[in-house]
């Protein structure tokens, strides 16, 4: 057998491909992005010149960026809704009843569809004379005829909530599967004992299911919080940032690839990263206190 | 007493199935509509609900036109090539990195593991600017490699393989070491065969992610013929080539179908793969 020092060499040899690639495409970008945020970057010759806090001063007083940040934070509203719904749906499919495989698969289909493709179909759901208008008109919730035809993605008051519904539809299957895995780790006896003790479904859900899947809840909430803060692809495929759906990462993308101001984009990206880290820290604190 | 319990159970069951079916309708209705519109030779009912949810004059003509009016087969080929290379690279890199993190003791192990896991918290979209510059220096813009290399090493794959390797009994490794096997032989002959289900799950996840990747390829690749399906079809459908909703929906059905068929055969591993990631 070998001594431990030869394992060190082997360990690093095995880790080398992963570390080199992550170094180039994950760790280095974080550092370089931070550096770019304090520089003016010229696309033509790749020269960066130090400009102190110019980009930050600029975005700190820019209406467009404030609005983008506000929309990104507003997007967090989707997190509790999607988590509660995913847990309830996971509870529904966590049974040995016939047809459960079919339902699980049906709920997972949006997850395995490319966001761009799903977006094209949903643009038709949200058309002024599309499926949503028809549904609400047949339920008599909006006026019949052209009066009730709402341009769901064009109205600045509601467009962002419509994009959130799309996010909900697209993501719920993913979290459902994660919760399903958590639920299957709960021993059946615990629930059976509670039923014998006369606990109703509501009590059992809050007093047994929720506490037992708490680690999964932390993981899923964290994942969906970060996904909500970086909401951007759903915006680009549905509204292209129009109608007050402009989010912080859309700003980053716009500054970088339409204005070609890489430095300002990087500065905005740094602000978004900062918010992600803060929210992750808050959630870890919140969930570990309550255990 | 006995009958009331049976009735209550039956009612609960009906309620449960009603909820399940209602939710299935919510997740599937856009695809049912797209399929129906794509299959309808006569598009006049496209915007008549609920009539449009079943085809008018069923025919495959719109599906045939997808092949003649957009480079669908090129996109399909690009998606296939890019996904296969991504799967191979992710599997090899994750297996290699997962093994020392799970089974070897070496200085810096915890630091490296925490560093890798921490990247899950980063918004990867922030990396697009630096990665764009890096790839420009490497001369990889507008190439397959540029579109896929940043996805090769990811925290999820390394984490999944580490979890899988930790489940394997130490006796197996010790026996191989006594027989004089090198660490690479142990990894390849002992660890990999035993963890085949986890590697399969990882490959399936990687395939779906690579197949559906939209943002990064759309930034890196500029030549139309090099685009993967998720980008090419989207650009064609939202651009000047979008001649009719029927054609658009037929193209969408054909884009989703390969993933759907694949998913139908492998969905057991999806669930078990995520299972491992949570525990």
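Residue numbers (our numbering), protein chains in the order written: chain A, 1 to 291; chain B, 1001 to 1279.
Built from N, CA and C at the ideal position, the CB exists for glycine as well.
For residue i, the nearest candidate out of the options (CA to CA)
i                       : options                        : result
residue 1062 of chain B : B:1264, B:1268, B:1259, B:1244 : B:1244
residue 119 of chain A  : A:96, A:101, A:137, A:153      : A:153
residue 254 of chain A  : A:27, A:64, A:53, A:54         : A:64
residue 213 of chain A  : A:285, A:236, A:66, A:181      : A:181
residue 1247 of chain B : B:1235, B:1190, B:1150, B:1065 : B:1065
residue 1070 of chain B : B:1108, B:1232, B:1005         : B:1232
residue 1199 of chain B : B:1234, B:1099, B:1113, B:1034 : B:1099
residue 211 of chain A  : A:257, A:185, A:224, A:271     : A:185
residue 1161 of chain B : B:1182, B:1138, B:1117, B:1172 : B:1117
residue 1203 of chain B : B:1033, B:1053, B:1094         : B:1094
residue 1032 of chain B : B:1252, B:1186, B:1268         : B:1252
residue 1058 of chain B : B:1067, B:1137, B:1040         : B:1040
residue 1229 of chain B : B:1018, B:1024, B:1051, B:1073 : B:1073
residue 9 of chain A    : B:1152, B:1060, B:1194, B:1105 : B:1105
residue 231 of chain A  : A:272, A:121, A:183, A:14      : A:272
residue 1194 of chain B : B:1181, B:1167, B:1180         : B:1167
residue 122 of chain A  : A:102, A:151, A:99             : A:151
residue 124 of chain A  : B:1269, B:1266, B:1238, B:1267 : B:1238
residue 277 of chain A  : A:222, A:215, A:15             : A:222
residue 1226 of chain B : B:1169, B:1113, B:1147         : B:1147
residue 85 of chain A   : B:1249, B:1267, B:1268, B:1020 : B:1020
residue 174 of chain A  : A:155, A:227, A:265            : A:227
Limits of the alpha helix (DSSP H) - the one that residue i falls within
i                       : result
residue 128 of chain A  : Taken as a continuous stretch (DSSP letters only), residue 128 of chain A belongs to no alpha helix (DSSP H), as it is neither H nor E.
residue 58 of chain A   : 54-60
residue 182 of chain A  : 159-183
residue 1052 of chain B : First-last for residue 1052 of chain B: undefined, no H or E at that position.
residue 108 of chain A  : 100-108
residue 91 of chain A   : 78-93
residue 204 of chain A  : 201-204
residue 1138 of chain B : 1128-1138
residue 1150 of chain B : Taken as a continuous stretch (DSSP letters only), residue 1150 of chain B belongs to no alpha helix (DSSP H), as it is neither H nor E.
residue 155 of chain A  : Here residue 155 of chain A belongs to no alpha helix (DSSP H), and DSSP marks it neither H nor E.
residue 1212 of chain B : 1196-1212
residue 114 of chain A  : Taken as a continuous stretch (DSSP letters only), residue 114 of chain A belongs to no alpha helix (DSSP H), as it is neither H nor E.
residue 233 of chain A  : 233-238
residue 65 of chain A   : 63-74
residue 1113 of chain B : 1109-1118
residue 255 of chain A  : 248-257
residue 1234 of chain B : 1229-1238
residue 1218 of chain B : 1215-1220
residue 224 of chain A  : 214-229
residue 196 of chain A  : 188-196
Endpoints, beta strand (DSSP E) assigned at residue i
i                     : result
residue 50 of chain A : 48-50
Residues bridged to residue i [DSSP beta-bridge criterion]
i                       : result
residue 1075 of chain B : Beta-bridge pairing links residue 1075 of chain B to no other residue.
residue 41 of chain A   : A:48
residue 1169 of chain B : Answer by DSSP bridge pairing: none, since residue 1169 of chain B is not bridged.
residue 1040 of chain B : B:1058
Anticipated Cβ contact below 8 angstroms, residue i with residue j, distance rounded
i                       : j                       : result
residue 1086 of chain B : residue 1210 of chain B : 4 angstroms
residue 179 of chain A  : residue 69 of chain A   : The pair is not a contact, with the Cβ atoms about 30 angstroms apart (cut-off 8 angstroms).
residue 90 of chain A   : residue 176 of chain A  : 5 angstroms
residue 1190 of chain B : residue 1201 of chain B : The pair is not a contact, with the Cβ atoms about 19 angstroms apart (cut-off 8 angstroms).
residue 1027 of chain B : residue 146 of chain A  : Not really, about 30 angstroms apart at Cβ, beyond 8 angstroms.
residue 75 of chain A   : residue 131 of chain A  : Contact doesn't hold; Cβ gap of about 23 angstroms is too wide.
residue 116 of chain A  : residue 1234 of chain B : 4 angstroms
residue 263 of chain A  : residue 224 of chain A  : So it is not a contact: roughly 31 angstroms between Cβ atoms.
residue 244 of chain A  : residue 71 of chain A   : 7 angstroms
residue 166 of chain A  : residue 234 of chain A  : 6 angstroms
Residue-level contact to chain E via CB, residue i, 8 angstroms cutoff
i                       : result
residue 1146 of chain B : The structure shown has no chain E; the protein chains it does contain are A and B.
beta-carbon residue i near the ligand GDP non-hydrogen atom, thresh 7 angstroms
i                       : result
residue 1174 of chain B : Among the ligands in the structure shown, none appear at all, so the ligand GDP cannot be discussed.
Inter-stretch contact at 8 angstroms, needing at least 3 Cβ pairs: the region 1244-1262 of chain B / the region 1199-1215 of chain B: yes
Cβ contact check for the region 182-194 of chain A and the region 98-107 of chain A: 3 or more pairs under 8 angstroms: no
Given 8 angstroms, three or more beta-carbon pairs between the region 236-252 of chain A and the region 1117-1137 of chain B: Output reads yes: the region 1117-1137 of chain B touches the region 236-252 of chain A.
Meets three-Cβ-pair contact criterion under 8 angstroms: the region 1099-1111 of chain B and the region 199-219 of chain A: no
Cβ pair count under 8 angstroms reaching 3, the region 28-47 of chain A against the region 1154-1162 of chain B: no
Three CB pairs or more closer than 8 angstroms across the region 1010-1023 of chain B and the region 1220-1231 of chain B: No contact exists between the region 1010-1023 of chain B and the region 1220-1231 of chain B.
The region 155-166 of chain A contacting the region 224-241 of chain A, beta-carbon criterion three pairs below 8 angstroms: The way I'd put it, the region 155-166 of chain A does touch the region 224-241 of chain A; three or more beta-carbon pairs between them come closer than 8 angstroms.
Stretch pair the region 1127-1147 of chain B + the region 14-26 of chain A: three plus CB contacts closer than 8 angstroms: yes
Segment contact, 8 angstroms Cβ cut-off, at least three pairs: the region 1164-1173 of chain B with the region 1181-1197 of chain B: yes
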